[in-house]
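Taken in order, these protein sequences are the chains called P and Z. Note that the first sequence ends on residue 436 in my numbering; no numbers are left out. Note that the second sequence ends on residue 436 in my numbering; no numbers are left out.
There are 2 protein chains.
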Amino acid sequence: MAVLSPSRRLRRTVFSDGVEAAGVKAYTVYNHMLLPTVFRSVQEDYHHLKEAVQIWDVACERQIELRGPDAGRLMQMLTPRDLRGMLTEQCFYVPIVDETGGMLNDPVAVKLGDDHWWVSIADSDLLYWIKGIANGWRLDVLVDEPDISPLAIQGPKSDDLMADVFGDAVRNIRFFRYKKLDFNGTPLVIARSGYSKQGGFEIYVPGHDGIPMALWNALFEAGKKYDVHAGCPNLIERIEGGLLSYGNDMTDDNTPHECGLGKFCDTHDALGCIGRDALLRVAKEGPVQQIRAIDIDGPAVGLCDRWWDVTANGKRVGRVSSAAYSPDYETNVAVGMIRMTHWEDGTAVQVHTPDGVRDAVVREKFWK
Amino acid sequence: MAVLSPSRRLRRTVFSDGVEAAGVKAYTVYNHMLLPTVFRSVQEDYHHLKEAVQIWDVACERQIELRGPDAGRLMQMLTPRDLRGMLTEQCFYVPIVDETGGMLNDPVAVKLGDDHWWVSIADSDLLYWIKGIANGWRLDVLVDEPDISPLAIQGPKSDDLMADVFGDAVRNIRFFRYKKLDFNGTPLVIARSGYSKQGGFEIYVPGHDGIPMALWNALFEAGKKYDVHAGCPNLIERIEGGLLSYGNDMTDDNTPHECGLGKFCDTHDALGCIGRDALLRVAKEGPVQQIRAIDIDGPAVGLCDRWWDVTANGKRVGRVSSAAYSPDYETNVAVGMIRMTHWEDGTAVQVHTPDGVRDAVVREKFWK
Numbered sequence: 069m070a071v072l073s074p075s076r077r078l079r080r081t082v083f084s085d086g087v088e089a090a091g092v093k094a095y096t097v098y099n100h101m102l103l104p105t106v107f108r109s110v111q112e113d114y115h116h117l118k119e120a121v122q123i124w125d126v127a128c129e130r131q132i133e134l135r136g137p138d139a140g141r142l143m144q145m146l147t148p149r150d151l152r153g154m155l156t157e158q159c160f161y162v163p164i165v166d167e168t169g170g171m172l173n174d175p176v177a178v179k180l181g182d183d184h185w186w187v188s189i190a191d192s193d194l195l196y197w198i199k200g201i202a203n204g205w206r207l208d209v210l211v212d213e214p215d216i217s218p219l220a221i222q223g224p225k226s227d228d229l230m231a232d233v234f235g236d237a238v239r240n241i242r243f244f245r246y247k248k249l250d251f252n253g254t255p256l257v258i259a260r261s262g263y264s265k266q267g268g269f270e271i272y273v274p275g276h277d278g279i280p281m282a283l284w285n286a287l288f289e290a291g292k293k294y295d296v297h298a299g300c301p302n303l304i305e306r307i308e309g310g311l312l313s314y315g316n317d318m319t320d321d322n323t324p325h326e327c328g329l330g331k332f333c334d335t336h337d338a339l340g341c342i343g344r345d346a347l348l349r350v351a352k353e354g355p356v357q358q359i360r361a362i363d364i365d366g367p368a369v370g371l372c373d374r375w376w377d378v379t380a381n382g383k384r385v386g387r388v389s390s391a392a393y394s395p396d397y398e399t400n401v402a403v404g405m406i407r408m409t410h411w412e413d414g415t416a417v418q419v420h421t422p423d424g425v426r427d428a429v430v431r432e433k434f435w436k
Numbered sequence: 069m070a071v072l073s074p075s076r077r078l079r080r081t082v083f084s085d086g087v088e089a090a091g092v093k094a095y096t097v098y099n100h101m102l103l104p105t106v107f108r109s110v111q112e113d114y115h116h117l118k119e120a121v122q123i124w125d126v127a128c129e130r131q132i133e134l135r136g137p138d139a140g141r142l143m144q145m146l147t148p149r150d151l152r153g154m155l156t157e158q159c160f161y162v163p164i165v166d167e168t169g170g171m172l173n174d175p176v177a178v179k180l181g182d183d184h185w186w187v188s189i190a191d192s193d194l195l196y197w198i199k200g201i202a203n204g205w206r207l208d209v210l211v212d213e214p215d216i217s218p219l220a221i222q223g224p225k226s227d228d229l230m231a232d233v234f235g236d237a238v239r240n241i242r243f244f245r246y247k248k249l250d251f252n253g254t255p256l257v258i259a260r261s262g263y264s265k266q267g268g269f270e271i272y273v274p275g276h277d278g279i280p281m282a283l284w285n286a287l288f289e290a291g292k293k294y295d296v297h298a299g300c301p302n303l304i305e306r307i308e309g310g311l312l313s314y315g316n317d318m319t320d321d322n323t324p325h326e327c328g329l330g331k332f333c334d335t336h337d338a339l340g341c342i343g344r345d346a347l348l349r350v351a352k353e354g355p356v357q358q359i360r361a362i363d364i365d366g367p368a369v370g371l372c373d374r375w376w377d378v379t380a381n382g383k384r385v386g387r388v389s390s391a392a393y394s395p396d397y398e399t400n401v402a403v404g405m406i407r408m409t410h411w412e413d414g415t416a417v418q419v420h421t422p423d424g425v426r427d428a429v430v431r432e433k434f435w436k
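If you want it as structure tokens, here you go:
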């Protein structure tokens with residue numbers, strides 16, 4: 069493992085004091101901000117996430133706020149997903165594409181009103197793209213990064229813990245919907261969402277002083293009876309569940325269709341989307357390579373910090389971008405981009421890890 | 069020191085194999101890419117940089133390429149620096165501002181021709197802003213991240229080492245100019261520039277295979293007689309020299325004038341610059357806070373990983389964003405943003421470090 073040199077540029081979050089007190093062991097950098105990656109061990113965190121409940125500092129999912137008469141129009145320019153039917157209090161996972169259909173980010177859009185949106189971003193300065201588009205197209209909209217820090221509550225006991233702090237109303241929040249519920253007299257946006265398949269919530273926590281650490285402490289206090297621990301997005305669990313990571317599994321070289329995100333694209337109807345023309349052809353005929361689950365034989369693979377080639381009969385047919393050993397499925401679970409000649413479920417391939425070539429099988433579905 | 073979890077998203081560079089073999093001890097993340105921060109120790113690297121010559125993997129200074137009939141017009145839209153007199157083979161340090169005059173990046177622009185530019189960026193996805201502007205204003209220009217990785221040669225013996233590898237022509241390259249010189253039959257853009265005050269060059273190395281590590285190895289081989297070592301931007305040396313760091317010392321909250329970059333702004337004449345209207349007032353009247361060198365009393369301060377308040381008579385008058393103990397100047401050198409009431413040379417202030425309050429003095433000039 070490498071050592072990370074601290075600096076102000078790698079921003080601390082409003083929860084960093086809590087994260088340190090909870091014994092964080094490692095970080096990554098995400099949107100110029102610290103994101104914890106390990107507390108006890110990746111494996112121990114994994115088992116606990118599936119059994120209990122965790123509190124995650126995901127303040128690095130920075131928000132971009134769109135506000136003004138053209139906010140809705142701008143939001144539709146950014147994505148091939150048709151937003152016309154979207155209601156206030158809904159959250160939509162929205163691939164964001166440039167004029168060539170290349171992925172720039174895969175955030176969650178939160179509709180606070182027809183003229184008011186938040187975009188909860190993955191790791192790229194999407195603010196710059198949205199500000200550039202708003203300026204160039206002279207839209208009547210304010211685009212900014214508000215002082216809001218998401219805090220995720222994830223795991224099977226999330227509903228119980230959240231109900232103890234916010235009341236039973238939290239149990240009625242539907243998947244990818246939000247409600248505003250009070251904490252110490254301040255209404256907070258609470259969505260049923262999060263970067264795991266174990267269920268839970270994301271709380272959009274405003275400000276720097278007062279609320280963030282008071283909420284953090286209240287959740288840990290209430291969570292004692294549920295064996296609450298500090299946690300973070302878990303490499304193993306997110307691969308099992310097929311949750312993609314922008315920058316790892318996809319870049320601006322990829323279309324949403326290659327990323328298996330075609331179901332979030334209504335390219336024909338997404339009038340106004342900047343990438344629509346470029347995507348119409350691929351929307352009709354389909355991509356020639358696509359994200360797949362890949363099952364890698366043998367003992368636990370090492371950390372995947374660069375693309376691993378995937379070959380068949382000595383010819384390159386794809387590459388792996390994320391991989392980890394799954395204790396529950398007793399195999400190495402992986403994510404990769406595979407060419408259409410070899411993406412059928414059950415296709416045998418080889419994966420070139422730094423420790424040697426391994427047999428592997430392409431799967432159509434993720435594990436969970 | 070924290071541990072960094074490797075992943076593909078934190079991109080390795082074309083020189084990473086060499087960096088690892090040279091014994092890198094720590095990294096930061098810069099433009100989603102690994103940037104070494106320590107080889108032997110920050111202090112040992114510092115002394116060596118001032119005495120000998122170092123080879124720096126600064127591939128993370130990613131390039132943005134503008135190419136096409138509107139490339140020059142687009143470049144001028146991005147910056148308040150007047151580019152009309154700029155010649156091919158020149159490099160300009162260019163503050164990049166948004167429509168409010170807020171700094172988005174402080175790159176070096178390299179003019180390859182009237183319709184062909186490279187922008188060598190600091191740590192933000194400036195590509196997204198430039199692509200958004202180009203799209204919104206419907207400019208006739210291609211904007212992309214080419215496969216080019218800067219390699220810096222820094223230190224007083226840089227000319228000798230470079231002459232051994234590229235011939236004596238390299239000695240005639242003027243400051244912030246470049247020439248194309250051959251390496252193994254491939255012409256490389258070599259500029260006299262770099263993120264230190266010790267002199268040296270930046271080589272714009274194309275591609276992934278072949279040239280990058282061949283050049284790295286050739287430089288180390290030729291450099292033996294100059295005591296060459298792998299190095300990296302040095303925290304102490306860059307503060308002594310007043311080299312600012314985007315994200316540390318300035319953000320999009322700041323105008324170039326606040327950052328002491330007024331000399332790179334020709335706001336009145338920079339017709340077409342998107343931030344011109346917003347900057348005209350501040351260009352005329354001056355900013356109310358400005359970057360200053362700050363001399364902090366007492367023993368070596370700890371790592372500055374968050375803003376440290378600067379106060380006078382109990383009132384906040386600024387904040388420190390970077391600090392380190394300087395062996396050569398036998399004091400703690402620091403960079404901070406100071407309000408105009410207290411920015412005069414010699415003003416006594418207090419700096420609130422995590423280890424306690426220290427007496428400090430505001431300086432108008434940096435140490436070197």
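Note that the Cβ used here is the ideal one computed from N, Cα and C, for glycine as well. Since the structure is predicted, the reported quantities are computational estimates derived from the model, not experimental observations.
In the structure shown, the three-state DSSP call for ILE241 of chain Z is coil. ASP377 of chain Z is outside the set of residues whose beta carbon lies under 7 angstroms from a beta carbon in chain P. Shown here for LYS118 of chain P: same chain residues with a beta carbon closer than 8 angstroms to its own, the five before and five after excluded, namely GLY223, PRO224, GLN266, GLU305, ASP396 in chain order.
Counting C-beta pairs with one atom in each stretch, the segment 311-331 of chain Z and the segment 171-179 of chain Z have three or more that are closer than 8 angstroms, which means they touch.
Looking only at P:PRO137, P:ILE132, P:GLY315, P:ARG242, the smallest Cα-Cα distance to TYR272 of chain P is reached by P:ILE132. In this structure, MET405 of chain Z keeps its C-beta atom at 7 angstroms or more from the C-beta atom of GLY424 of chain Z. Per the C-alpha coordinates, the member of Z:ASP215, Z:ILE164, Z:CYS372 positioned closest to SER192 of chain Z is Z:ILE164. Rounded to whole angstroms, GLY299 of chain P and ARG260 of chain P show a C-alpha spacing of 17 angstroms. Chain Z places a beta carbon closer than 7 angstroms to that of TRP205 of chain P, counting this residue as a contact. Linking ASP182 of chain P to LEU142 of chain P through their CA atoms gives a straight-line distance of about 11 angstroms. Contact check for PHE269 of chain Z against MET230 of chain Z passes: the beta carbons are separated by less than 7 angstroms.
Separation of SER188 of chain P and TYR314 of chain P (C-alpha to C-alpha, rounded to the nearest whole angstrom) is 13 angstroms. Contact between the segment 145-155 of chain P and the segment 249-257 of chain P is not established, with fewer than three Cβ pairs separated by less than 8 angstroms. Taking the CA atoms as reference points, LYS331 of chain P sits about 27 angstroms from TRP376 of chain P. A distance below 6 angstroms between beta-carbons, with the five flanking residues on each side excluded, links LEU329 of chain P to the following residues of its chain, in chain order: PRO163. For ALA392 of chain P, the enclosing beta strand (DSSP E) begins and ends at 383-394. Annotation: the continuous alpha helix (DSSP H) that includes ASN285 of chain Z extends over 279-291. Under the 7 angstroms criterion on CB atoms, PRO104 of chain Z is classed as non-interfacial with respect to chain P.
Leaving aside the five residues that flank ALA286 of chain P on each side, the residues in its chain whose CB is nearer than 7 angstroms to its CB run, in chain order, VAL233. Taking every protein chain shown into account, the CB of ARG360 of chain Z has 16 or more other CB atoms within 10 angstroms, so this residue is buried. The C-alpha of VAL238 of chain Z lies about 19 angstroms from the C-alpha of TYR263 of chain Z.
Among the residues facing chain Z, TRP124 of chain P is not included, as its CB has no counterpart in that chain under 7 angstroms away.
Counting the other Cβ atoms within 10 Å of the Cβ of GLU112 of chain Z gives fewer than 16, which makes it exposed. Within chain P, the residues whose beta carbon sits less than 9 angstroms from that of LEU371 of chain Z are SER73, PRO74, SER75, listed in sequence order.
Counted as a single uninterrupted DSSP element, the stretch harbouring GLN158 of chain Z is not any beta strand (DSSP E), since DSSP gives it neither H nor E. Listed by position along chain Z, the residues whose Cβ is nearer than 7 angstroms to that of VAL401 of chain P form an empty set, because the closest Cβ is around 15 angstroms away.
When the five nearest sequence neighbours on each side are left out, the beta carbons in the same chain lying within less than 6 angstroms of the beta carbon of GLN122 of chain Z are those of GLN222, GLY223, HIS297, GLY299, in order along the chain. Comparing C-alpha distances from LYS436 of chain P to each of P:SER394, P:THR409, P:GLY414, P:ARG426 shows the shortest one belongs to P:SER394. For GLY404 of chain P, the closest Cβ of chain Z is not nearer than 7 angstroms. Annotated as proximal: ASP317 of chain P and SER389 of chain P, with beta-carbon spacing under 7 angstroms. Within 8 angstroms of the CB of ASP191 of chain P, the CB atoms of chain Z belong to ARG77, HIS100, in sequence order along the chain.
In the DSSP assignment, PHE251 of chain Z is bridged to Z:THR254. For TRP197 of chain Z, there is no enclosing beta strand (DSSP E); the enclosing alpha helix (DSSP H) has its first and last residue at 194-204.
Fewer than three Cβ pairs drawn from the segment 345-352 of chain Z and the segment 206-214 of chain Z lie within less than 8 angstroms of each other, which leaves the two stretches out of contact.
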